[in-house]
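In the numbering used here, the protein residues as written are 7 to 238.
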């Protein structure tokens, strides 16, 4: 076991205890470790809550984005973090993610480019650790009439049923469809399965007069557009 020099939070002056510090000095004065310490409440016999939080952060290089990618199971591997504490951390980070990403959008956002698709899907796909497949249903003015999740899967793939996709499109009187799925690995290159599925859906769209106008592969830092690359 690693050895950590630590002191109990109760031994700190009142103004340096995380909860009291927040009340006395404001939330912006707290370090990431102190904020996490408030979430977990207590540490172990060897570590205060702050020291335990510092240990957790050290394992993700003090990167909150990487911390947000840890699952409840991952967090429970840290001594002193049970299910309840892990859930608190995951829930707090998810709230932070939503707060950061959700911006006011018009009732019918308009898609003019693949970059618009990438920006629009950030609240749903940023920091996700498994693949999700979405469709954006557009009207004649390329406004989004509906965003629909089709499936969620593992870290390397998910299933998208053409019958379900086009049922949603026809039920919503869509004029065109944009396909979107994420690659949690960060790899932008479409797989052979991605290419086959895209070709299959493009052909089906032609037959139903509901064209697939793009398929965007989403990663946190960039994206790949089948339309931009001349593959649709």
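C-beta: ideal position from N, C-alpha, C; glycine also. Since the structure is predicted, the reported quantities are computational estimates derived from the model, not experimental observations.
- Annotation: residue 128 to residue 101 spans about 14 Å, alpha carbon to alpha carbon.
- The distance from the Cβ of residue 142 to that of residue 153 is about 6 Å, consistent with a contact at the 8 Å cut-off.
- Ranking 31, 86, 41 by CA distance to the CA of residue 51 puts 86 first.
- Judged by DSSP secondary structure, residue 125 falls within the alpha helix (DSSP H) whose first and last residues are 120-131.
- Excluding sequence positions up to five before and after residue 204, its CB lies within less than 8 Å of the CB of 185, 196, 218, 221, 232, 237, 238, all in the same chain and listed in chain order.
- Residue nearest to residue 41 within the set 24, 49, 30, 31 is 24 (criterion: CA-CA distance).
- For secondary structure counted as the beta strand (DSSP E) over 3 or more consecutive residues, the stretch 130-185 holds these complete runs in sequence order: 138-144, 150-158.
- Counting along the chain, the unbroken beta strand (DSSP E) around residue 218 starts and ends at 218-224.
- Between the beta-carbon of residue 55 and that of residue 48 there is about 6 Å, and that keeps the pair under the 8 Å contact cut.
- DSSP places residue 64 inside the alpha helix (DSSP H), whose first and last residues are 55-64.
- Residues 168 of the same chain have their beta carbon placed closer than 8 Å to that of residue 206, with the five preceding and five following residues left out of the count.
- Relative to residue 226, the option among 180, 139, 134 whose CA is nearest is 134.
- Under the three-state reduction of DSSP, residue 205 is assigned to helix.
- Rounded to the nearest angstrom, the gap between the Cα atoms of residue 216 and residue 194 is 26 Å.
- Per the coordinates, the alpha-carbon of residue 139 lies some 16 Å from the alpha-carbon of residue 208.
- Between the C-alpha atoms of residue 156 and residue 35 there is a straight-line separation of about 43 Å.
- In the DSSP assignment, residue 51 falls outside any alpha helix (DSSP H), carrying neither H nor E.
- Under the three-state reduction of DSSP output, residue 34 falls in the helix class.
- Residue 151 sits close to residue 114, with the two beta carbons spaced by under 9 Å.
- In this structure residue 44 is not in contact with residue 91, their Cβ atoms being roughly 11 Å apart against a cut-off of 8 Å.
- In the displayed model, residue 77 falls within coil according to three-state DSSP, outside both helix and strand.
- Residue 62 and residue 70 have their alpha carbons spaced roughly 11 Å apart.
- The shortest CA-to-CA distance from residue 228 to any of 148, 146, 120 is the one to 120.
- In this structure residue 72 is in contact with residue 66, their Cβ atoms being roughly 4 Å apart against a cut-off of 8 Å.
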